[in-house]
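If you count the sequence shown from 1, you need to add 330 to reach the numbering used here.
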Amino acid sequence: MRTIKLGKSLFDVPVIAVGCMRINKIDKKQAEAFVQFALDIGANFFDNADCYGDGECERIMADALHMNPSLRERIIVQTKCGITPVSFDFSKKHIIEAAEASLKRLNTDYIDVLLLHRPDMLVEPEDVAEAFDILHYQGKVKYFGVSNQHPMLISLLQKHVHFPIVANQMQFSIMHPFMASQVQHVNMLDDLAVDRDGGVLDFCRMNDITIQAWSPFQHGFFGGVFLDNEKFPKLNEKINEIADKYGVTNTTIAVAWILRHPAKMQVVTGTMNIDRLKDCVKAAEVRLTREEWYEIYLAAGNILP
Ligand SMILES: NC(=O)c1ccc[n+]([C@@H]2O[C@H](COP(=O)([O-])OP(=O)(O)OC[C@H]3O[C@@H](n4cnc5c(N)ncnc54)[C@H](OP(=O)(O)O)[C@@H]3O)[C@@H](O)[C@H]2O)c1
Numbered sequence: 331m332r333t334i335k336l337g338k339s340l341f342d343v344p345v346i347a348v349g350c351m352r353i354n355k356i357d358k359k360q361a362e363a364f365v366q367f368a369l370d371i372g373a374n375f376f377d378n379a380d381c382y383g384d385g386e387c388e389r390i391m392a393d394a395l396h397m398n399p400s401l402r403e404r405i406i407v408q409t410k411c412g413i414t415p416v417s418f419d420f421s422k423k424h425i426i427e428a429a430e431a432s433l434k435r436l437n438t439d440y441i442d443v444l445l446l447h448r449p450d451m452l453v454e455p456e457d458v459a460e461a462f463d464i465l466h467y468q469g470k471v472k473y474f475g476v477s478n479q480h481p482m483l484i485s486l487l488q489k490h491v492h493f494p495i496v497a498n499q500m501q502f503s504i505m506h507p508f509m510a511s512q513v514q515h516v517n518m519l520d521d522l523a524v525d526r527d528g529g530v531l532d533f534c535r536m537n538d539i540t541i542q543a544w545s546p547f548q549h550g551f552f553g554g555v556f557l558d559n560e561k562f563p564k565l566n567e568k569i570n571e572i573a574d575k576y577g578v579t580n581t582t583i584a585v586a587w588i589l590r591h592p593a594k595m596q597v598v599t600g601t602m603n604i605d606r607l608k609d610c611v612k613a614a615e616v617r618l619t620r621e622e623w624y625e626i627y628l629a630a631g632n633i634l635p
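Written out as structure tokens, the structure is:
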């Protein structure tokens with residue numbers, strides 16, 4: 331599969347990352363077949379989090395992969411910490427304990443990439459830096475990143491953390507294009523001119539932080555899949571027209587739309603369906619034209635000045 335460099339890390343990673351947030355919704359046999367198929371088609375980057383299924387998703391993923399030292403060298407395991415049952419916790423103690431608990435569930439000695447999942451308002455960056463130092467020098471975590479974080483918070487962390495922040499995982503899709511469309515509304519009076527993300531997309535591009543696009547098929551915040559959804563007839567008509575032209579499925583086009591953005595994003599898919607994963611991976615071979623990209627953007631109800 332086509333790869334990109336993950337931030338300032340030494341990793342070349344597939345443009346499609348296999349998100350495992352929903353792996354607890356399928357049975358053991360299906361999970362095994364799914365992850366083994368992912369490996370067969372070169373999708374060897376797995377995204378997880380300690381809070382997915384309350385830890386179950388990490389455990390199921392590791393079992394399904396038959397985690398062992400020789401396999402471990404061939405896959406990239408990313409997980410996240412910092413969300414607790416009641417709030418958010420980026421304290422040194424929590425980060426270290428969470429990473430160690432993930433290691434146990436993942437049945438491995440090291441995490442390739444550990445992300446801070448969602449901002450903790452009480453974050454003390456010096457504390458985060460110490461936690462990262464300990465985890466890295468003990469060989470437990472190779473690289474660090476963040477998720478859902480504003481450029482100012484990333485800068486604050488980076489002032490103290492001794493390793494490059496390699497990724498920022500953010501919601502991004504045809505129905506949630508705001509990181510990209512923000513630039514179209516600068517200095518205008520419409521609602522979309524409200525700066526909601528501090529220019530995070532360009533900030534990440536300037537600082538070599540890979541944006542990982544989560545929920546590539548959802549509208550709203552887990553509002554459901556927009557493909558083949560009768561609430562969005564114009565969008566589906568346009569996507570299907572372009573899918574026919576390329577001889578691919580609408581799933582492929584929805585992913586290709588994200589990959590067409592020049593920020594070199596990595597798409598974190600959530601499907602647990604083998605055929606759909608194949609369609610997602612196929613998107614790495616489709617390059618939409620500029621016109622097609624904008625046509626899809628507009629068909630989704632997004633606006634241009
Ligand atoms: N950092 C964060 O805050 C954050 C937040 C949310 C998610 N994530 C990560 O991002 C990953 C993806 O998130 P997500 O699961 O919400 O994303 P998604 O890929 O947009 O949604 C996947 C869901 O949509 C369903 N689906 C139905 N029709 C589909 C179609 N035509 N194409 C594709 N999927 C279809 C899938 O079902 P089937 O399984 O039947 O295909 C699956 O249940 C997660 O696994 C997780 O790793 C991160």
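Glycine residues also receive a C-beta, built at the ideal position from the N, C-alpha and C atoms. Remember, predicted model here, so these are calculated numbers, not experimental data.
1. Can you list, in chain order, the residues of its chain with a C-beta nearer than 6 Å to that of residue 598? Leave out the 5 residues immediately preceding and following it.
2. Residue 379 and residue 410: beta carbons closer than 7 Å?
3. With a threshold of 16 other CB atoms inside 10 Å of the CB of residue 565, please say whether the residue is buried or exposed.
4. Who pairs with residue 408 in a beta bridge, going by DSSP?
5. Once the 5 residues before and after residue 557 are set aside, which same chain residues still bring their CB inside 8 Å of it?
6. Which stretch, first to last residue, makes up the beta strand (DSSP E) that contains residue 594?
7. Runs of 3 residues minimum, wholly inside the region 437–506: which ones carry the beta strand (DSSP E) assignment?
8. Is residue 420 closer than 7 Å to residue 436 when the C-beta atoms are compared?
9. Using C-beta distances below 8 Å, list every residue in its chain close to residue 469, excluding the 5 sequence neighbours before and after it, in chain order.
10. Any heavy atom of ligand 1 within a distance shorter than 6 Å of the CB on residue 367?
11. With H, G and I counted as helix, E and B as strand and the rest as coil, what does DSSP make of residue 579?
12. So what's residue 630 in DSSP terms, helix, strand or just coil?
13. So, under 8 Å CB-CB, residue 465 and residue 429 are touching, yes? Tell me the CB distance rounded to an integer number of Å.
14. Output yes or no for whether 7 Å exceeds the beta carbon distance between residue 375 and residue 343.
15. On the criterion of 16 or more Cβ atoms from any shown chain inside 10 Å, does residue 442 qualify as buried, or is it exposed?
16. Checking the sheet assignment: what are the DSSP bridge partners for residue 349?
17. Opposite residue 359 in the DSSP bridges: which residues?
18. Please name the residue, chosen from 393, 617, 449 and 614, that lies closest to residue 362 on a Cα-to-Cα basis.
19. Measuring CB to CB, does residue 481 end up less than 7 Å from residue 516?
On the basis of the data shown:
1. Your numbering for residue 598 matches position 268 in the sequence shown. Closer than 6 Å at Cβ, skipping near neighbours: 347, 349, 377, 542 and 544.
2. Sequence index remark: in the sequence shown, residue 379 carries index 49 (1-based). Sequence index remark: in the sequence shown, residue 410 carries index 80 (1-based). Yes; because the gap between Cβ atoms is below 7 Å, this pair is in contact.
3. To locate residue 565, count along the sequence shown from 1; it is residue 235. The residue in question, residue 565, is buried, as its Cβ has 16 or more Cβ neighbours within 10 Å.
4. On the sequence shown, residue 408 is found 78 positions in, with the first residue counted as 1. Answer by DSSP bridge pairing, in chain order: 377 and 443.
5. In the sequence shown, residue 557 corresponds to position 227, counting from 1. Once the five neighbours on either side are set aside, the close Cβ partners of residue 557 are 547, 566, 569, 580, 581 and 584.
6. The sequence position of residue 594 within the sequence shown is 264, counting from 1. Counting along the chain, residue 594 falls outside any beta strand (DSSP E), and DSSP gives it neither H nor E.
7. 441–446, 471–477 and 495–501
8. The count along the sequence shown starts at 1 and reaches residue 436 at position 106. The count along the sequence shown starts at 1 and reaches residue 420 at position 90. Going by C-beta atoms, residue 436 is not nearer than 7 Å to residue 420.
9. The residue labelled residue 469 in the question sits at position 139 within the sequence shown. Result list for residue 469: 439 and 440, in chain order.
10. The residue given as residue 367 occupies position 37 in the sequence shown. No, ligand 1 has no heavy atom inside 6 Å of this Cβ.
11. Position 249 of the sequence shown, counted from the start, is the residue given in the question as residue 579. Here residue 579 sits in coil by DSSP.
12. Sequence index remark: in the sequence shown, residue 630 carries index 300 (1-based). Correct three-state label for residue 630: coil.
13. Stepping through the sequence shown from its first residue, residue 465 is reached at position 135. Stepping through the sequence shown from its first residue, residue 429 is reached at position 99. Right, the Cβ-Cβ distance comes to about 5 Å (below 8 Å), so this counts as a contact.
14. Looking up residue 375 in the sequence shown gives position 45. Looking up residue 343 in the sequence shown gives position 13. Yes, these two residues count as a Cβ contact at 7 Å.
15. As a position in the sequence shown, residue 442 is number 112, starting the count at 1. Answer is buried; the Cβ neighbour count reaches 16.
16. Taking the first residue of the sequence shown as position 1, residue 349 is located at position 19. 377.
17. Counted from its first residue, the sequence shown places residue 359 at position 29. Beta-bridge pairing links residue 359 to no other residue.
18. Locating residue 362 in the sequence shown gives position 32, counting from the first residue. Per the Cα distances, 393.
19. What you label residue 481 is simply residue 151 of the sequence shown in a count that begins at 1. What you label residue 516 is simply residue 186 of the sequence shown in a count that begins at 1. Their beta carbons are not under 7 Å apart, which means residue 481 does not touch residue 516 by this criterion.
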